[in-house]
Amino acid sequence: MKKRFNVLTSAVGLSILTLSLAACSSGSSDASDNKTTNTADSVHKEGFPILDKPITLSVIGPDVGSAKWDTMQVFKDMEKLSNIKLTFQTIPVDSFETKKNLIFASGTLPDIFYAAALTPAEQVTYGSQGTLIPLEKLINDYAPNLKKLLDEHPEVRKSITTPDGHIYALPFIDLGAVWYKSPLYYNGSFLKKLGVSKLPSTPDELYDYLKRVKTEDPNGNGKADEIPLTSTKLKDIRVQMLGYWGIYDEVYYADKEGKVHYTPQEQGYKEYLTFLNRLWKDDLLDHETFSQTDEQKKSKGKSNQVALFNDWLPYFMLGGEPNTENPIMAPLKTDIPESPVAAKSSGISKNGTFAISKTNPAPEATMRWVDYQYGYEGSTLFGQGPENLLWKFKDKATLTKEWLPVPDGGDRENFRGKLTPNYGITTPGVTIPDVSKGLRSNIDDWVEKENKEKILPYAKVPYPNVFLTEAEQSEVTSILSDLNTYVEQMEAKFVTGQEPLSSWDKYSAQLKKMGSEKIVKIYQDAYDRWDASGK
Numbered sequence: 176m177k178k179r180f181n182v183l184t185s186a187v188g189l190s191i192l193t194l195s196l197a198a199c200s201s202g203s204s205d206a207s208d209n210k211t212t213n214t215a216d217s218v219h220k221e222g223f224p225i226l227d228k229p230i231t232l233s234v235i236g237p238d239v240g241s242a243k244w245d246t247m248q249v250f251k252d253m254e255k256l257s258n259i260k261l262t263f264q265t266i267p268v269d270s271f272e273t274k275k276n277l278i279f280a281s282g283t284l285p286d287i288f289y290a291a292a293l294t295p296a297e298q299v300t301y302g303s304q305g306t307l308i309p310l311e312k313l314i315n316d317y318a319p320n321l322k323k324l325l326d327e328h329p330e331v332r333k334s335i336t337t338p339d340g341h342i343y344a345l346p347f348i349d350l351g352a353v354w355y356k357s358p359l360y361y362n363g364s365f366l367k368k369l370g371v372s373k374l375p376s377t378p379d380e381l382y383d384y385l386k387r388v389k390t391e392d393p394n395g396n397g398k399a400d401e402i403p404l405t406s407t408k409l410k411d412i413r414v415q416m417l418g419y420w421g422i423y424d425e426v427y428y429a430d431k432e433g434k435v436h437y438t439p440q441e442q443g444y445k446e447y448l449t450f451l452n453r454l455w456k457d458d459l460l461d462h463e464t465f466s467q468t469d470e471q472k473k474s475k476g477k478s479n480q481v482a483l484f485n486d487w488l489p490y491f492m493l494g495g496e497p498n499t500e501n502p503i504m505a506p507l508k509t510d511i512p513e514s515p516v517a518a519k520s521s522g523i524s525k526n527g528t529f530a531i532s533k534t535n536p537a538p539e540a541t542m543r544w545v546d547y548q549y550g551y552e553g554s555t556l557f558g559q560g561p562e563n564l565l566w567k568f569k570d571k572a573t574l575t576k577e578w579l580p581v582p583d584g585g586d587r588e589n590f591r592g593k594l595t596p597n598y599g600i601t602t603p604g605v606t607i608p609d610v611s612k613g614l615r616s617n618i619d620d621w622v623e624k625e626n627k628e629k630i631l632p633y634a635k636v637p638y639p640n641v642f643l644t645e646a647e648q649s650e651v652t653s654i655l656s657d658l659n660t661y662v663e664q665m666e667a668k669f670v671t672g673q674e675p676l677s678s679w680d681k682y683s684a685q686l687k688k689m690g691s692e693k694i695v696k697i698y699q700d701a702y703d704r705w706d707a708s709g710k
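Under my numbering, read the sequence shown as residues 176 to 710, first letter to last.
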């Protein structure tokens with residue numbers, strides 16, 4: 176699991192807890208005992224506690240292994256604050272999706288799905304079946320923080336509203352987010368050694384630079400062991416490089432006019448393959464790209480062998496302390512119209528982070544409980560833990576904070592993961608700039624500056640968060656299952672030269688035969704519905 180060591184990223188990297196089927200059963204039984212005492216009339220719409228008499232609700236979510244949720248201080252504080260006790264049991268994050276499907280199939284439900292990453296298909300299916308309850312009226316009546324966000328940002332509201340007009344799950348909202356995928360970075364020590372003062376601005380200039388890396392020993396060890404560009408199966412560099420040829424995403428995307436494209440049959444995709452094949456033939460793209468793990472890739476970075484790479488922050492790859500010596504790569508200009516482009520975050524870091532099941536005896540109180548996480552105090556509690564453990568107010572009037580020494584003397588992020596589920600996975604909530612006021616590091620400010628100069632001028636959301644109908648989802652799942660496998664196999668063959676690019680027309684015809692044009696139509700229809708819903 177990748178840990179994030181700064182305020183900006185820790186607000187996005189989040190963690191959760193999980194319940195087993197047995198725990199869901201016992202938790203739901205506990206909650207059912209309160210059905211006669213907990214009605215909407217007993218819920219306080221403002222202030223705390225939420226209820227005068229305590230109730231118990233069961234929760235399911237994925238566990239990253241940092242700590243048991245019932246030991247986390249944020250939940251203890253929330254219980255005291257709200258009078259709502261939650262029962263937890265964990266399902267390891269790696270097996271959570273499988274267990275989640277079994278729980279839905281069994282009908283033995285928890286009262287709350289928390290950080291459960293409910294997909295659009297799951298929301299449509301289980302919402303329409305009545306397994307998940309509609310949330311829009313609860314939001315209007317019992318969630319002032321979230322309602323305000325949705326009123327101010329109608330694009331978020333329509334992106335969480337299913338085709339039947341209901342909202343069945345809540346998102347994590349990060350309206351200031353830039354990255355759709357983390358960027359590529361240059362090894363700053365290589366740039367300095369080779370005397371590079373102007374970064375490449377076209378693919379040809381990049382090729383020339385990578386060629387110098389290969390032949391001029393920028394790591395200075397007297398060996399030809401430099402790796403100009405490395406990757407793991409291209410998944411960490413694909414979207415960024417496709418942008419050089421005017422493409423926003425790797426499967427489908429909408430252009431600035433709202434026209435949907437299927438990426439693997441676009442001319443820009445062919446140009447992308449051609450460039451990578453050129454790098455491969457000249458040994459400028461790591462020849463272990465299609466076989467190595469992320470850990471193996473990182474070991475090369477820490478050995479100071481790599482010139483260009485992807486990671487969340489450069490020191491995750493290169494090792495050492497956070498620094499600003501390894502610049503972000505700006506998108507490169509090509510002859511493709513409107514090149515370059517960059518994919519931008521939609522502002523919804525993750526949809527489906529919170530849902531209420533039909534077994535929940537207190538949906539009004541539950542909505543008030545989660546709404547706390549969409550305001551300043553709750554965002555602070557779940558993001559940074561309780562006051563005076565890892566942080567304190569330096570100036571409460573201006574909401575300026577400062578870090579405190581880690582109580583156990585260890586890593587701050589590791590300790591934070593013992594306090595809150597907001598660690599390593601995506602929980603419900605929102606990124607509020609004031610929450611990190613005073614806690615930002617130099618690397619945070621540097622990333623913001625690099626984004627503003629290099630990414631944002633070219634950035635657009637590739638495709639909005641939309642919902643497909645059940646029929647559309649079924650057809651898309653069937654088509655893409657085969658298409659994605661074929662495209663992935665052919666991409667590797669084209670890049671490594673096992674398949675000549677002269678076979679492009681044959682390849683393109685096969686895509687259409689397998690249903691690529693149907694994919695375009697389905698996602699165009701979904702986009703048009705989404706676009707019309709806000710008018």
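Beta carbons: idealized from backbone N, C-alpha and C, even for Gly.
Spatial neighbours of residue 670 in its own chain (CB-CB distance under 7 Å, excluding positions within 5 residues in sequence) are listed in chain order as 448, 451, 452 and 455.
Shown here, residue 441 sits in coil according to DSSP, grouped into three states, outside any helix or strand.
Counting only runs of 3+ residues, the beta strand (DSSP E) found wholly inside the segment 400-476 occupies 402-404, 427-429 and 435-437, in chain order. As for any alpha helix (DSSP H) of minimum length 4 sitting wholly inside the segment 250-336, the runs are 271-281, 295-303, 311-317, 319-327 and 329-334, ordered along the chain. Assignment of residue 529 by DSSP, reduced to helix, strand and coil, places it in the strand class. Its Cα nearest to that of residue 569, the residue 577 stands out among 377, 577 and 325. At a Cβ-Cβ threshold of 9 Å, residue 335 and residue 345 count as neighbours.
Apart from sequence neighbours up to five positions away, no residue of its chain approaches residue 573 with a beta-carbon distance below 6 Å. With 16 or more other Cβ atoms inside 10 Å of its own Cβ, residue 406 counts as buried. Going by DSSP, residue 660 is part of no beta strand (DSSP E) but of the alpha helix (DSSP H) stretching over 645-671.
For residue 489, the enclosing alpha helix (DSSP H) covers residues 489-493. Counting along the chain, residue 696 sits inside the alpha helix (DSSP H) bounded by residues 691-708. Taking the C-beta atoms as reference points, residue 244 is found no nearer than 9 Å to residue 271. In terms of Cβ geometry, residue 485 and residue 360 form a close pair [threshold 9 Å]. Taking a contact as a CB-CB distance under 8 Å, the pair residue 691 and residue 658 counts as one, their CB atoms being some 7 Å apart.
In this structure, residue 298 and residue 527 form a Cβ contact; the two beta carbons are roughly 6 Å apart against a cut-off of 8 Å.
For residue 393, the closest C-alpha among the options 408, 365 and 413 is that of 365. Counting only residues of its own chain and dropping the five nearest sequence neighbours on each side, residue 686 has a CB closer than 8 Å to the CB of 437, 439, 440, 658, 661 and 662. Around the C-beta of residue 379, fewer than 16 other C-beta atoms lie within 10 Å, and the residue is accordingly described as exposed.
In the three-state DSSP reduction, residue 233 falls in the strand class (E or B). Excluding residues up to 5 positions away in sequence, 513 and 635 lie with their Cβ nearer than 8 Å to the Cβ of residue 431 in the same chain. For residue 650 and residue 487, the gap between their C-alpha atoms comes out near 34 Å. Beyond the five residues adjoining it in sequence on each side, residue 458 comes within less than 7 Å, by CB distance, of 389 in the same chain, given in chain order. Beta bridge pairing from DSSP links residue 575 with 570. Residue 607 has its alpha-carbon roughly 24 Å from the corresponding atom of residue 224. For residue 443, the closest alpha carbon among the candidates 332, 695 and 423 is that of 423.
Between the alpha carbons of residue 357 and residue 626 lies a distance of about 11 Å. With a beta-carbon spacing of about 6 Å, residue 530 and residue 293 fall inside the 8 Å limit used to define contacts. If you compare the alpha carbons of 477, 653, 631 and 560 with that of residue 610, the shortest gap goes to 560. Between the beta-carbon of residue 604 and that of residue 549 there is about 6 Å, and that keeps the pair under the 8 Å contact cut.
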